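Number of protein chains: 2
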Amino acid sequence: MAEPTLWEPVPRSRTYELVLARIEEQILAGKLRVGDRLPPERELVELLEVSRAAIREALRVLEAQGVLRARVGTGPDSGSVIAAMPSAGLTQLLRLHIALANFPVKDVVEARAALERSSARLAADQATEADLDRMAECLAHMDVPEVSREEFNDHDTRFHVAIAEAGGNRLVTDLTVAVRNAVRHTLMTAFHRLDDWEAERDRLRAEHHAIHDAIAAGDAERAGDLVESHIHRFHHDVVRTVLQSPEGTSAQSAIWDGPPRER
Amino acid sequence: MAEPTLWEPVPRSRTYELVLARIEEQILAGKLRVGDRLPPERELVELLEVSRAAIREALRVLEAQGVLRARVGTGPDSGSVIAAMPSAGLTQLLRLHIALANFPVKDVVEARAALERSSARLAADQATEADLDRMAECLAHMDVPEVSREEFNDHDTRFHVAIAEAGGNRLVTDLTVAVRNAVRHTLMTAFHRLDDWEAERDRLRAEHHAIHDAIAAGDAERAGDLVESHIHRFHHDVVRTVLQSPEGTSAQSAIWDGPPRER
DNA sequence: TTTCTTGTTTGGTCCGACCAAGCAATGGGC
DNA sequence: GCCCATTGCTTGGTCGGACCAAACAAGAAA
Numbered sequence: 001m002a003e004p005t006l007w008e009p010v011p012r013s014r015t016y017e018l019v020l021a022r023i024e025e026q027i028l029a030g031k032l033r034v035g036d037r038l039p040p041e042r043e044l045v046e047l048l049e050v051s052r053a054a055i056r057e058a059l060r061v062l063e064a065q066g067v068l069r070a071r072v073g074t075g076p077d078s079g080s081v082i083a084a085m086p087s088a089g090l091t092q093l094l095r096l097h098i099a100l101a102n103f104p105v106k107d108v109v110e111a112r113a114a115l116e117r118s119s120a121r122l123a124a125d126q127a128t129e130a131d132l133d134r135m136a137e138c139l140a141h142m143d144v145p146e147v148s149r150e151e152f153n154d155h156d157t158r159f160h161v162a163i164a165e166a167g168g169n170r171l172v173t174d175l176t177v178a179v180r181n182a183v184r185h186t187l188m189t190a191f192h193r194l195d196d197w198e199a200e201r202d203r204l205r206a207e208h209h210a211i212h213d214a215i216a217a218g219d220a221e222r223a224g225d226l227v228e229s230h231i232h233r234f235h236h237d238v239v240r241t242v243l244q245s246p247e248g249t250s251a252q253s254a255i256w257d258g259p260p261r262e263r
Numbered sequence: 001m002a003e004p005t006l007w008e009p010v011p012r013s014r015t016y017e018l019v020l021a022r023i024e025e026q027i028l029a030g031k032l033r034v035g036d037r038l039p040p041e042r043e044l045v046e047l048l049e050v051s052r053a054a055i056r057e058a059l060r061v062l063e064a065q066g067v068l069r070a071r072v073g074t075g076p077d078s079g080s081v082i083a084a085m086p087s088a089g090l091t092q093l094l095r096l097h098i099a100l101a102n103f104p105v106k107d108v109v110e111a112r113a114a115l116e117r118s119s120a121r122l123a124a125d126q127a128t129e130a131d132l133d134r135m136a137e138c139l140a141h142m143d144v145p146e147v148s149r150e151e152f153n154d155h156d157t158r159f160h161v162a163i164a165e166a167g168g169n170r171l172v173t174d175l176t177v178a179v180r181n182a183v184r185h186t187l188m189t190a191f192h193r194l195d196d197w198e199a200e201r202d203r204l205r206a207e208h209h210a211i212h213d214a215i216a217a218g219d220a221e222r223a224g225d226l227v228e229s230h231i232h233r234f235h236h237d238v239v240r241t242v243l244q245s246p247e248g249t250s251a252q253s254a255i256w257d258g259p260p261r262e263r
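First to last, the protein sequences are chains A and B. The first sequence runs 1 to 263 under full-length UniProt numbering. The second sequence runs 1 to 263 under full-length UniProt numbering.
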């Protein structure tokens with residue numbers, strides 16, 4: 001039971017962390033809700049009896065988490081206001097950690113597959129006509145005969161986001177968007193290095209239409225399975241192959257597979 | 001195509017955001033890796049020609065994201081060091097946004113189910129003997145006849161985390177831990193208000209053992225399905241029922257179901 | 001009534017100063 | 001010659017004060 005990792009921390013709290021804790025208390029307790037305004041920074045200085053720098057550092061953290069939105073001036077929209085923009089913060093966080101190779105691409109793909117399978121199942125159950133129309137519009141853009149790779153990739157993303165939004169689960173949607181954004185660059189690189197672009201394009205078109213049809217038909221089981229295998233196949237055929245081809249050094253394979261498991 | 005939301009932003013960059021961008025550049029470009037040290041704050045002031053306050057605000061954000069770890073002194077471990085502790089930052093972010101009801105509990109449950117299904121499938125494919133032993137140990141703790149609810153919940157969490165770790169996917173593991181931590185309080189509350197604790201406890205025990213056995217047998221399909229239905233059933237039977245019972249006001253049902261969908 | 005000016009509030013930025021935690025080099029005592 | 005306390009330097013942590021610019025509100029001037 002004496003796990004060494006459990007005895008490590010002992011974090012001496014810095015002032016800004018205490019400020020953060022005070023504000024979080026009120027959020028967790030429901031006393032601060034979306035739209036509410038925090039007292040002005042100078043007032044918080046007096047209330048909490050710390051320097052403005054400490055206050056501001058805490059506010060910066062909340063802002064980065066998408067919980068706060070600060071504006072100057074005196075209007076009704078000014079000051080530090082509790083907001084709700086989780087996807088930006090999530091995207092940023094995941095981007096950095098993926099870049100630090102904490103999360104190998106393989107893991108990200110797996111997470112995407114899991115999340116989007118869930119989205120597709122939910123979407124099949126409760127997508128509205130408007131939702132289906134939005135998906136169909138994305139498909140139409142990708143079906144343009146001479147569509148460019150950028151255009152295609154752009155609407156590919158929109159298509160998957162549309163599915164997530166149709167599912168109505170905001171957490172899953174935001175996670176999906178964040179994960180997708182986080183690997184956007186990698187995806188585009190793979191897309192450009194593609195040898196047989198036309199074949200892959202046609203394959204993706206067919207898969208997308210199949211997914212759309214399953215959702216439209218309300219077949220959750222099939223929609224989920226199709227999305228899952230769609231993501232797995234694409235990353236297996238395209239990303240892995242392309243990233244490991246000519247310039248495929250050991251460094252890149254590490255990006256894919258991650259460091260060996262150690263215990 | 002003229003979506004109104006796309007014309008809103010125009011974010012005037014603040015100094016700390018520029019500093020943040022510079023540091024992120026280097027991380028994204030792979031020039032800063034885990035373990036590397038940033039220049040001292042006072043040096044960054046000269047390099048970037050901004051105030052120390054701006055530097056520090058940027059560093060605070062990175063720290064909150066689990067990308068940085070700062071220590072005073074001159075030793076080899078001192079200064080601002082690139083680190084990799086994503087789950088803490090994720091947990092914090094999710095906790096706040098769940099509290100702000102951006103993410104209704106229902107959505108969180110769905111995300112958990114999706115992620116842990118994926119974990120279980122991976123675990124069934126590649127769990128080692130050591131992994132299985134750790135799971136079994138958690139089960140043993142939960143099987144103690146007079147186990148307390150706290151003990152049970154504690155090892156319940158460990159069991160699920162053990163599965164995620166056995167899956168070997170760090171992103172999914174960290175997301176799982178973060179999501180679980182974020183709803184820990186809600187979970188414990190539901191656990192305590194439980195009417196027929198013994199019946200629920202026995203049901204959970206049986207489900208846990210079935211999951212363990214499926215993973216041990218290498219049956220990915222079954223393991224995944226069992227975990228998924230396990231989570232769905234528990235939250236449907238316990239959390240939803242309990243949280244909406246006596247004190248079940250409209251506010252709490254909003255926490256569960258979230259605000260009505262508007263388009 | 002309308003328009004311009006002025007003042008106030010608010011976040012944004014910077015500077016300079018001091019503190020305490022650590023480590024490293026120094027030097028006396030054995 | 002070796003050990004250990006002292007001293008000094010580097011580093012993040014904290015603070016107070018000052019000034020800027022954006023944004024709005026109120027009052028003055030047309």
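Where is the CB? At the ideal position from N, CA and C, for every residue including glycine. No experiment lies behind these values; they were computed from the predicted model shown.
Asked, Found
"Sub-8 Å separation of B/A123 and B/G167 beta-carbons", "yes"
"Contacts of B/L171 in chain A (Cβ-Cβ under 9 Å)", "L94, H97, I98, N102, F103, P104, D107, V108, E110, A111, V179"
"Exposure of A/E165, with buried meaning 16 or more beta-carbon neighbours within 10 Å", "buried"
"Cβ shell of B/E85 (< 6 Å), same chain only, five flanking positions each side left out", "Reading off the sequence, residue 85 of chain B comes out as Met, not Glu. So the qualifying residues of the chain are G66."
"Runs of alpha helix (DSSP H) wholly within the stretch 120–184 of chain B (minimum 4 residues, chain order)", "129–143, 149–167, 170–182"
"Option in B/E137, B/G224, B/A53, B/A99 with minimal Cα separation from B/R14", "B/A53"
"Neighbourhood of A/E228 by C-beta, 7 Å cutoff - its chain only, sequence neighbours within 5 removed", "A113, R117"
"Chain-ordered neighbours of B/L175 on chain A, where CB pairs are closer than 8 Å", "A111, L175"
"With 16 other Cβ atoms within 10 Å as the buried cut-off, status of B/G224", "buried"
"Any C-beta of chain B under 8 Å from that of A/I27", "yes"
"Beta-ladder partner(s) of residue 287 of chain B, from DSSP", "In the structure as shown, chain B starts at 1 and stops at 263, and residue 287 of chain B therefore has no counterpart that could be examined."
"Residue burial classification, B/H212 (beta-carbon count within 10 angstroms, cutoff 16)", "buried"
"Buried versus exposed call for A/T128 [16 or more other C-beta atoms within 10 Å across all chains shown]", "exposed"
"At least 3 beta-carbon pairs within less than 8 Å: the stretch 30–37 of chain B vs the stretch 19–30 of chain A", "no"
"Residues, ordered as in the chain, of the stretch 48–67 of chain A that lie near chain B by beta-carbon distance below 7 Å", "A53, R56, E57, R60, V61, A64, Q65, V67"
"Neighbour list for B/V34 in chain A, Cβ cutoff strictly below 7 Å", "L100"
"Rounded Cβ spacing between B/S119 and B/N169 (contact assumed at less than 8 Å)", "7 Å"
"Interface flag, A/S118 vs chain B, CB-CB below 8 Å", "yes"
"Whole beta strand (DSSP E) elements within the stretch 21–79 of chain B, 3-residue minimum", "68–71"
"Inter-residue spacing [alpha-carbon to alpha-carbon] between B/A140 and B/E207", "14 Å"
"C-alpha distance - A/L68 paired with B/D219, whole-angstrom precision", "45 Å"
"Bridge partners - B/V81, DSSP secondary structure assignment", "B/R37, B/R69"
"Span of the alpha helix (DSSP H), counted from its first residue to its last, around A/F103", "A/F103 -> no alpha helix (DSSP H), and no H or E assigned at all."
"Where B/L38 meets chain A, residues with beta-carbon distance less than 7 Å", "Those within 7 Å of B/L38 in chain A number zero; the least Cβ separation is about 14 Å."
"Chain A within 8 Å of B/W256, Cβ atoms only", "Because B/W256 carries a pLDDT of 46, less than 50, the predicted location of this residue cannot be relied on, and the following value inherits that uncertainty. It does not; no Cβ of chain A falls within 8 Å."
"Proximity of A/L100 and B/L93 at Cβ, strictly below 8 Å", "no"
"8 Å Cβ cutoff met for B/G79 and B/P40", "yes"
"Short Cβ contact (8 Å threshold) for A/L20 with A/V81", "no"
"Selected residue, minimal CA-CA separation from B/F103, among A/I23, A/T173, A/C138, A/R193", "A/T173"
"Span of the alpha helix (DSSP H), counted from its first residue to its last, around B/L194", "Run containing B/L194: none; DSSP gives neither H nor E here."
"Interface flag, B/G75 vs chain A, CB-CB below 8 Å", "no"
"Proximity test, Cβ basis, 8 Å: B/A123 and chain A", "no"
"C-alpha gap between A/R121 and A/D156, whole angstroms", "19 Å"
"Contact with chain B by A/A84, beta-carbon distance below 8 Å", "yes"
"With 16 other Cβ atoms within 10 Å as the buried cut-off, status of B/G51", "For the record, residue 51 of chain B in the displayed sequence is Ser; it is not Gly. Flag for B/S51 reads exposed."
"7 Å CB neighbourhood of B/C138 in its chain, flanking five on each side removed", "H155, R158, F159, A162"
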